[in-house]
Each structure stands twice: as C-alpha cells, then as structure tokens.
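Below: one structure, written as structure tokens.
Residue numbers (my numbering): 628 to 993.
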C-alpha cells in the first residue's frame with residue numbers, strides 16, 4: 628500500500644462512517660497522511676480525527692475510535708493505533724507485501740506512476756510576466772496540476788518570447804489577464820530564453836530554472852553542463868539511463884525483473900538482510916513519489932519534484948553499488964538479481980516520469 632492508497636483508504640473510512648451515521652460531519656476533500664516522525668508509532672500518521680472533532684461535536688478520541696475500526700479491516704493495513712489527543716497511527720502489512728504492491732504499481736502505470744485525479748474538480752488560471760523563469764515555472768506547474776486531474780490555463784502579460792517554444796512553453800493568451808487568476812512570480816532569471824539556450828541548451832536551462840524554490844535565485848552557471856556526479860542533473864539522468872541499461876543487460880542474459888522481496892526462500896539469509904537494508908531508502912522514495920507529485924502541484928512547487936529526483940538518484944546508486952542487479956563473472960541470475968532489477972527498473976521509471984513532468988528529456992544512453 629502506497630501513501631496515496633492509505634490516504635484514499637482513510638478517506639473511504641470517513642465516508643463510510645458518515646454514510647452509516649456513526650459520524651455526523653462533512654467528508655473532507657482529501658485526507659493527509661505523513662510518515663511518522665522519529666520516536667512515533669507506526670509507519671504513517673494522520674490527524675483527520677482532530678480535524679473532524681469540531682464539526683462532529685465529538686471528542687477527537689471518539690472520532691479516532693470510529694475511524695480505527697473501519698480502517699483496520701482494510702487490506703494492506705496491519706495495525707491502527709490511537710496516539711496523543713486523537714492521532715491515528717498506521718502500521719502497514721509486512722514490508723515485503725507493501726513493497727511488492729508499490730513495484731507492481733510502477734510497472735503497471737509506467738511514466739504515469741504518481742498521476743491521479745485528486746485535483747479533478749479544480750480549475751486554475753495562471754498569469755505571469757514576459758520573463759523566462761516565470762514562463763517555465765508556470766508551464767511546469769501546469770504539467771503537475773494536469774497530472775493530478777486539474778484544468779489549467781496560462782496567460783502572459785505580453786506576447787510570448789518566440790524562444791520559449793524551445794523550452795517547451797506554451798501560453799494560452801496574452802494581454803489583459805482573466806479572473807480569477809493566480810500569479811506566478813519567481814525571482815527573475817536575469818537572462819533571456821535565447822541566452823540560456825545558447826549557453827546551456829533546453830534541458831540544463833529548464834533544470835536550472837526549476838531546481839531552486841521560486842523565492843530563491845536560480846543557479847544558471849556552467850556547472851549545469853558538467854558530466855559528473857557533482858552535477859545533480861547529470862546524476863539524475865545518468866541514474867535513469869543506467870536503470871534502462873540494466874534492463875537491457877538482463878534481457879541479454881535471459882532474465883527479467885521480478886517484483887518479489889529477493890526470492891521467497893533465500894539461500895543466504897545474511898545476504899537477504901543486507902539487500903533489505905540497502906533497498907529500504909530507495910523503496911521508500913519510490914513509494915513517496917505520488918505524494919511528492921501531488922504536493923508539488925498543490926504548492927505550485929516544481930522544485931520539490933527536482934529535489935526528490937535527486938534523492939531517488941542518490942539512493943539508486945547506493946543500492947546499485949551495494950546490491951548489483953546483474954550477475955558478475957560465472958554467477959548465474961538468481962531470485963535476488965530479479966528482485967534487485969525490479970527495484971532498479973522502478974527507480975528508472977520514477978526518474979523518467981519526474982523528468983518528463985519538468986519538461987526534461989530522459990535519454991536511453993548517457
């Protein structure tokens with residue numbers, strides 16, 4: 628069960644409680660679940676009971692008890708506890724089952740993993756200056772919102788810069804802005820689209836414009852073109868390309884990925900424990916990807932997506948170096964290799980999908 632699945636499960640429990648007249652309160656549009664903080668209980672926590680206590684005219688602890696009995700019976704949820712003044716803490720089923728579900732979701736949804744319809748009822752109208760960073764940011768926010776089901780229209784104060792097309796920017800109209808509208812006003816780039824394209828090319832320019840938070844100045848120096856791990860953009864794209872290369876290498880060796888936890892009956896328990904420890908950070912980041920995309924859309928913050936891709940790339944290389952997905956020398960492909968390959972392929976899919984939402988190419992070879 629992914630965080631998005633858990634959020635929907637809790638929301639469904641609220642709706643059931645209201646339908647059964649066990650709870651008299653408006654059903655929220657969404658329910659937010661977060662990873663439990665250090666020292667907390669369970670895998671995830673949720674404050675929905677505190678949110679509903681006032682409208683329901685019940686103590687938060689009573690609301691939590693009503694929801695707990697409905698969530699606890701859902702598949703994928705191992706245990707539900709009530710902590711503090713009425714927080715719900717969730718422990719998911721055995722990690723192996725949860726991990727398998729996440730990897731299966733990535734494989735099934737492909738580059739659309741993390742897309743959804745959470746914002747399907749929303750209509751946004753964005754207006755921005757005739758400035759390259761504002762234009763590129765508005766376009767990236769548009770992609771994120773559309774991926775969550777929203778409808779978006781963008782307008783510009785003046786006629787668009789023709790060079791914006793090479794950066795993947797389209798504008799629906801220019802001139803007098805429609806109402807209601809939301810302004811997109813990041814710190815200006817200090818250069819035109821043509822200048823950035825000449826110095827950096829479209830991919831590095833877009834990354835540089837989007838990687839920093841809107842209130843920070845964008846880093847647009849030659850370091851964006853460095854072909855080495857010190858350059859986050861190169862590291863993200865190289866991790867994605869490496870994941871694809873692993874799949875090609877496995878096919879040449881006659882085996883494919885298997886979304887299972889390193890085989891059901893490992894012959895080397897110590898090796899399985901090492902694999903589990905190395906894979907955990909990467910699997911957690913893959914599971915968190917839908918939540919990051921939704922948060923990036925809600926907060927109009929494509930920089931969140933860029934930073935998450937950096938984290939995935941870093942965890943991918945740590946996992947890859949500790950637990951090689953391909954056999955070496957005379958070693959034969961095993962269940963462990965198939966499971967490692969499934970994780971690597973999922974990481975590559977997340978990276979490619981995230982880059983696509985930022986308008987950046989994900990090359991087969993790098």
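Even glycine gets a Cβ: it sits at the ideal position worked out from N, Cα and C.
The secondary-structure analysis by DSSP pairs residue 685 with nothing; it has no beta-bridge partner.
Per DSSP, residue 828 lies in no beta strand (DSSP E); the unbroken alpha helix (DSSP H) holding it starts and ends at 820-838. A distance below 9 Å separates the beta carbons of residue 770 and residue 985. The Cβ-Cβ distance between residue 694 and residue 660 does not fall below 9 Å.
Residue pairing by DSSP places residue 752 opposite 780 in a beta bridge. Taking C-beta atoms under 8 Å as the contact rule, residue 712 and residue 745 fail to qualify, at a distance of about 27 Å. If you look at residue 853, you'll find it isn't in any beta strand (DSSP E); DSSP assigns it neither H nor E.
Taking a C-beta distance under 9 Å as the contact criterion, residue 787 and residue 812 do not qualify as a contact pair.
Each residue's CA atom was taken as its position, placing residue 913 and residue 663 some 17 Å apart.
Residue 647 counts as exposed, since fewer than 16 other beta carbons sit within 10 angstroms of its beta carbon.
In the structure shown, the three-state DSSP call for residue 645 is helix. When the five nearest sequence neighbours on each side are left out, the beta carbons in the same chain lying within less than 6 Å of the beta carbon of residue 973 are those of 730, 733, 913, in order along the chain. Residues of the same chain with a CB within less than 6 Å of the CB of residue 877, apart from the 5 flanking positions on each side, are 968 in chain order. Contact between residue 801 and residue 779 is absent: CB atoms are separated by about 16 Å, not below the 8 Å threshold. The beta carbons of residue 658 and residue 637 sit about 5 Å from each other, so the pair counts as a contact at 8 Å. By the criterion of a C-beta distance shorter than 6 Å, residue 810 is surrounded in its chain by 754, once the five residues flanking it on both sides are discounted. Residue 844 sits exposed, since fewer than 16 C-beta atoms from the chains shown fall within 10 Å of its C-beta. In this structure, residue 741 lies away from residue 766, with their beta-carbon atoms at least 9 Å apart. As for any alpha helix (DSSP H) of minimum length 4 sitting wholly inside the segment 899-966, the runs are 929-949, ordered along the chain. In this structure residue 668 touches residue 708 by the C-beta definition: roughly 6 Å separates them, less than 8 Å. Between residue 817 and residue 836, the gap from beta carbon to beta carbon reaches 9 Å or more. Taking the C-beta atoms as reference points, residue 964 is found nearer than 9 Å to residue 951.
Taking every protein chain shown into account, the CB of residue 939 has 16 or more other CB atoms within 10 angstroms, so this residue is buried. Beyond the five residues adjoining it in sequence on each side, residue 791 comes within less than 6 Å, by CB distance, of 762, 820 in the same chain, given in chain order.
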